[in-house]
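Reading the sequence shown from the start, the letters are residues 0 to 280 in numbering that gives the first Met the number 0.
Notes to accompany the following structure.
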Amino acid sequence: MTEKRIRPRLPATRCRSRLSWAGGLLLGLLLAGCGLLAPRPEAVLGPERAAVVGAFETMHRHQAHCRCCLDAAVAVTLKGLLGSGTVSGYLQAMSPSYLRFVGLNPLGQPLLLLVTDGERFQYLAVTESKEYIGSVRAETFVKYAPPGFQPREAYFWLTGRMPDGPLQVTEVTRADGSGCYWLMVNRGGQRHRLLFDREAGRILRHQLLDGGEGVEMDVVYEDPKAVGAAGCLLPARLSVTTDRHSGTLVVVLSDWREEVALSKHDFTFDRPPGFTEVVVP
0 MTEKRIRPRL PATRCRSRLS WAGGLLLGLL LAGCGLLAPR PEAVLGPERA AVVGAFETMH
60 RHQAHCRCCL DAAVAVTLKG LLGSGTVSGY LQAMSPSYLR FVGLNPLGQP LLLLVTDGER
120 FQYLAVTESK EYIGSVRAET FVKYAPPGFQ PREAYFWLTG RMPDGPLQVT EVTRADGSGC
180 YWLMVNRGGQ RHRLLFDREA GRILRHQLLD GGEGVEMDVV YEDPKAVGAA GCLLPARLSV
240 TTDRHSGTLV VVLSDWREEV ALSKHDFTFD RPPGFTEVVV P
């Protein structure tokens, strides 16, 4: 018998009238061994380059056999100069863009509910008795995301994978003393710098570049876990920094459900009685 996790019900209580810091923290979400090394310009050429690119392309093709969903407990921490704050709860995600987060307060009671399909979002602030809805392109939502980040690809950022579709590796350099490689990858007009572990066949770090050499978003993936029948590796910890915000967003996943069957209908909800709808501009 498969164990069924019981999700807490969301009570309709009233309190404050502003979007809570926890909501901002989670909107930011929509957004290892070799992971802290900086890129070095030592080019990799010839047969070695061909072998590295071949291993990367094999990994990219193999991800089609990995399961499309995850369901796990999560702790999301925002670390800044003035301190840090953590929201714990449950996270469900489905390729390519679906996310559902239930945040709990320290007593284990529902604090917030955030869902998105990569185009629109719903955010339920329990203590405010309000439901915020809008487009992921709305100004209020976009200010939490780094420039260039595409919410419709959120699942791939969360799981340490590259989105499906054509990729072009334009440069391979050696990560000094690590046995890993930096790959410069062009995809749909965007440039990505990836720290790639050829032996493990996984991405350790993913940097989204701006028009020059600046880094708009930098994600480090750590603590890989083999999940699902295909044995695909998923990171249990990821750290996100951006050039738009100070501080680091750290996401830690645990208590993975092995049997996961989700559909797009799991990523929407009806507004509870007594809650007010607020359209986000």
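For each residue, glycine too, the CB sits at the ideal point set by N, CA and C.
Keep in mind the model is a prediction, meaning the values are calculated, not measured.
- A contact between stretches requires three or more CB pairs, one per stretch, nearer than 8 Å, and the segment 112 to 127 fails this requirement with the segment 160 to 175.
- A distance of 8 Å or more separates the beta carbons of residue 90 and residue 158.
- For the 8 Å CB-CB criterion, residue 73 and residue 252 form a contact.
- At the C-beta level, residue 119 and residue 135 come within 8 Å of one another.
- Beta-bridge analysis with DSSP links residue 208 to 214.
- Residue 270 and residue 130 have their alpha carbons spaced roughly 7 Å apart.
- Counting only the Cα atoms, residue 210 lies some 33 Å from residue 68.
- Closest by C-alpha distance to residue 245, out of 236, 216, 258, is 216.
- Exposed is the label assigned to residue 60, since fewer than 16 other Cβ atoms lie within 10 Å of its Cβ.
- The C-beta distance from residue 258 to residue 236 rounds to 23 Å, too long to meet the 8 Å contact threshold.
- The residue from 103, 144, 195, 86 with its alpha-carbon nearest to that of residue 117 is 144.
- Counting along the chain, the unbroken beta strand (DSSP E) around residue 191 starts and ends at 189 to 196.
- Distance between residue 190 and residue 52, taken at the CA atoms: about 16 Å.
- Counted as a single uninterrupted DSSP element, the beta strand (DSSP E) harbouring residue 98 occupies residues 97 to 103.
- In its chain, beyond the 5 residues on either side, 93, 97, 116 have a beta carbon closer than 8 Å to the beta carbon of residue 263.
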